[in-house]
Each structure stands twice: as structure tokens, then as C-alpha cells.
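The next block holds one structure in the form of C-alpha cells; read it before the comments.
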Amino acid sequence: MGSFDGKSVIVTGGAKGIGRGICLAFTEAGAGVVCADVDQDAGNAIAAETANHPGTLRFENADVTTAEACEKLVAAARDAFGGLDVICNNVGIQPTNSYLRAHEMPEEMWDRIQDVNLKSAFLLFKAGYSALKERGGGVVINTASVQGLQSAPMVSAYAATKGGILSLTQQLALDYAVDNIRVLAVNPGAIDTPLLAEAIEASDEDPGKMRQHMADIHPIGRMGQPEDIGRAVRFMASDEASFMTGSWVNVDGGLMAKGAWA
Ligand SMILES: NC(=O)c1ccc[n+]([C@@H]2O[C@H](COP(=O)([O-])OP(=O)(O)OC[C@H]3O[C@@H](n4cnc5c(N)ncnc54)[C@H](O)[C@@H]3O)[C@@H](O)[C@H]2O)c1
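Mapped onto this note's numbering, the consecutive letters of the sequence shown carry residue numbers 11 to 272.
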């Protein structure tokens with residue numbers, strides 16, 4: 011898997027779902043991880059779960075939509091692990107009451123989705139840049155989505171953030187290659203997380219049938235698990251991926267390979 015001994019990683023939205031999978035992948039490989047999340051109970055749980063891992067996890071209760079919170083996370087990485095090597099801008103929300111056509115969406119809801127899913131990535135990169143540079147470079151991995159490439163009805167705010175994250179990934183890669191900072195994105199397919207469970211619960215369909223449908227739409231015949239994304243992100247952050255920047259990897263069970271007509 012490659013060793014991350016001595017490496018320092020920040021993961022946003024890290025206490026549950028895909029972020030949790032990313033945190034575990036890094037602590038299993040020896041990294042120091044600052045796990046940022048608004049869910050204190052889930053933060054306590056992942057801190058306990060990783061206590062015997064080769065790496066160390068420090069939970070920080072943080073809403074990552076402010077510059078101040080992001081600066082505190084970088085300070086925590088310096089304090090706990092002596093610096094910063096990897097930023098995983100993973101956090102994202104898709105509130106179940108946000109499945110609306112654009113003209114029906116309250117402006118505050120649009121703004122909140124942009125702030126959490128897109129602006130937080132800008133803020134944390136801005137806060138962490140100097141720390142990455144001090145280590146001679148680093149890696150930024152943004153969790154985007156297959157919905158940044160192709161969309162579904164009624165997700166205008168969410169899809170716009172995911173397209174935005176892919177553009178930001180390319181832009182940062184271009185502007186910071188000179189500092190030896192690689193920037194990549196991962197596009198998950200449907201991953202079995204609390205976010206997905208909430209969406210299934212909120213739909214009018216039978217939850218069991220809906221889950222089966224979500225599995226069946228992937229050519230590989232199942233939904234993804236958070237560790238599928240965690241392992242891919244860990245590879246992308248490793249030296250094995252040293253020639254990769256400014257691009258994204260679909261970890262989607264083949265979903266994006268399939269045409270709508272198939
Ligand atoms: N689950 C999927 O099928 C799927 C597919 C494609 C992309 N994604 C993306 O993956 C990422 C993670 O999704 P998930 O399914 O694991 O979601 P999740 O809701 O299961 O977990 C997200 C975590 O982020 C935390 N969080 C929410 N707002 C926060 C804030 N302001 N500051 C800090 N933490 C906050 C939550 O408490 C939670 O622990 C998101 O960017 C999402 O858009 C998910």
C-alpha cells in the first residue's frame with residue numbers, strides 16, 4: 011500500500027461515509043490524520059476505532075466553511091504532526107430537501123451547498139498552502155462526483171459544485187505544479203454512506219428495491235464502499251502516482267463507461 015509514516019493529512023467531512031474511509035486508509039498506512047467534521051459523536055467513534063492503527067488520528071470539531079476554521083485545522087496538523095503533506099477536500103452535502111428545479115431553490119440553500127462543497131476546498135487550500143510548501147510540496151485530493159461529469163434531474167446546486175470542484179482541480183494543478191503540489195479529484199459512483207442512506211429514505215420508493223437498483227446501475231453489480239474510495243485516494247496521494255496531476259479518477263464500478271442508451 012505504500013507507507014505514509016511521518017506524513018500529515020487533513021480530511022474534511024472525515025468522521026463518516028467516504029471521509030471516514032479516507033481517514034482509515036491513511037491511518038492504516040501510518041499517517042497522522044486531522045479528521046475535521048461537525049459530528050462530535052462520529053469523531054469520537056473514529057478516534058477510538060483508529061487508536062490501534064499504525065498512524066494517529068486527531069479529531070477536530072470544525073465547520074469547514076470559514077477561513078478561520080480552515081486555518082485552525084492547519085495549525086492542528088502542524089501541532090500534532092509537525093506540518094502538512096496532504097489535503098483531502100472531501101466534505102459535501104446534498105440535503106434531501108434540495109432535490110428541486112433551480113427556480114424553486116431557496117437562495118440560502120444554494121449558497122450553503124456552494125459553501126460546503128466548493129468554497130471549503132478553496133479556503134482550506136488557501137490556509138494550507140504555506141504548510142505544504144514548507145514540506146517541499148504535497149498533494150491535494152478533492153472528492154468530486156460522477157455528477158460533475160453527467161447529471162440527474164433536480165440537483166442543480168450539487169452538480170454545479172461538483173463541476174466546480176473538477177475545474178478547481180485543474181486550475182490548482184496548473185498554478186501550483188511549480189511548488190511541487192499535485193492536485194487530483196476522485197469521482198465516486200454511488201457509495202454506501204449516510205448521505206446515500208438519507209437519500210434512499212427520503213425517496214418514495216421501497217428502500218430495498220432502491221438499494222438493489224443503485225447496485226444494478228453499476229456495471230460491476232454493486233454499490234461502492236467508503237474503503238473503495240479511501241484506497242484510491244491513498245494511491246493518488248502516494249509517490250506511486252507522482253506523474254498524476256490536474257485530472258480525476260472515476261471510482262464508480264464502470265458507471266461513467268455506460269451510455270444512457272445502454
Ligand atoms: N455517497 C455517494 O454516493 C457519493 C457519490 C459521489 C460523491 N460523493 C461525495 O463524497 C463526499 C462525502 O460524501 P458522503 O456520502 O460520505 O457524505 P456523508 O453525509 O455520509 O458524510 C459527510 C460528512 O461530512 C460532515 N460534514 C457535513 N457538513 C460539514 C461541514 N460544514 N464541515 C465539516 N464537516 C461536515 C458530516 O457530518 C459527515 O460526517 C461528498 O463530497 C459527496 O458529495 C458521495
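Here a beta-carbon is modelled for each residue, glycine too, at the ideal position from N, C-alpha and C.
Between the segment 101-112 and the segment 79-86 there are fewer than three inter-stretch CB-CB distances shorter than 8 Å, so the stretches are not counted as touching. Contact check for Phe69 against Ala79 fails: the beta carbons are separated by 8 Å or more. Boundaries of the alpha helix (DSSP H) harbouring Glu237: 236-247, taken from the DSSP string.
For ligand 1, no non-hydrogen atom lies closer than 7 Å to the CB of Ala212. By the criterion of a C-beta distance shorter than 6 Å, Thr60 is surrounded in its chain by Thr37, Leu67, once the five residues flanking it on both sides are discounted. Annotation for Ser155 indicates a beta carbon within 7 Å of some heavy atom of ligand 1. Within the model, the alpha-carbon separation for Tyr168 versus Asp238 is close to 22 Å. Excluding five sequence positions before and after Tyr186, the CB atoms of its chain that fall closer than 7 Å to its own CB belong to Val193, given in chain order.
The shortest C-alpha to C-alpha distance from Val96 to any of Glu144, Ile123, Ala207 is the one to Glu144.
In this structure Ser13 touches Ala39 by the C-beta definition: roughly 6 Å separates them, less than 8 Å. For Ser257, DSSP records a beta bridge to Leu194.
Contact between Pro198 and Ser155 holds, with the beta-carbon distance rounding to 6 Å and staying under 8 Å. Under DSSP, Ile201 takes part in a beta bridge, and its partners are Gly234. A straight-line Cα-Cα distance of about 11 Å links Leu182 and Asn190.
Counting only runs of 4 or more residues that sit fully inside the segment 57-96, the alpha helix (DSSP H) segments are 77-91, in chain order. Non-local beta-carbon contacts of Met254 in its own chain, meaning distances under 7 Å to residues more than five positions away in sequence, involve Arg192, Leu194, Met246 in chain order. Not a single heavy atom of ligand 1 lies less than 7 Å from the C-beta of Leu94. In this structure, the alpha-carbon of Arg122 lies about 22 Å from that of Gly53. Here Leu184 is exposed, its C-beta having fewer than 16 other C-beta atoms within 10 Å. According to the DSSP assignment, Ser18 belongs to the beta strand (DSSP E) that extends over 18-22.
For Asn99, the beta-bridge partners assigned by DSSP are Asn152. The way I'd put it, the segment 259-267 does touch the segment 225-239; three or more beta-carbon pairs between them come closer than 8 Å. Leaving aside the five residues that flank Pro217 on each side, the residues in its chain whose CB is nearer than 7 Å to its CB run, in chain order, Ile210, Glu211. The beta carbon of Val74 is closer than 8 Å to those of Thr22, Gly23, Ala46, Cys80, Leu83, Val101, Val126, Ser130, Leu133, Leu134 in its chain, skipping five residues each way along the sequence.
No Cβ-Cβ contact shorter than 8 Å links Gly138 with Ser18. Going by C-alpha positions, Leu205 is about 13 Å away from Met233. Cβ neighbours of Leu176 within its own chain (closer than 7 Å, five residues either side excluded): Ala154, Gly158, Ala195, Trp258.
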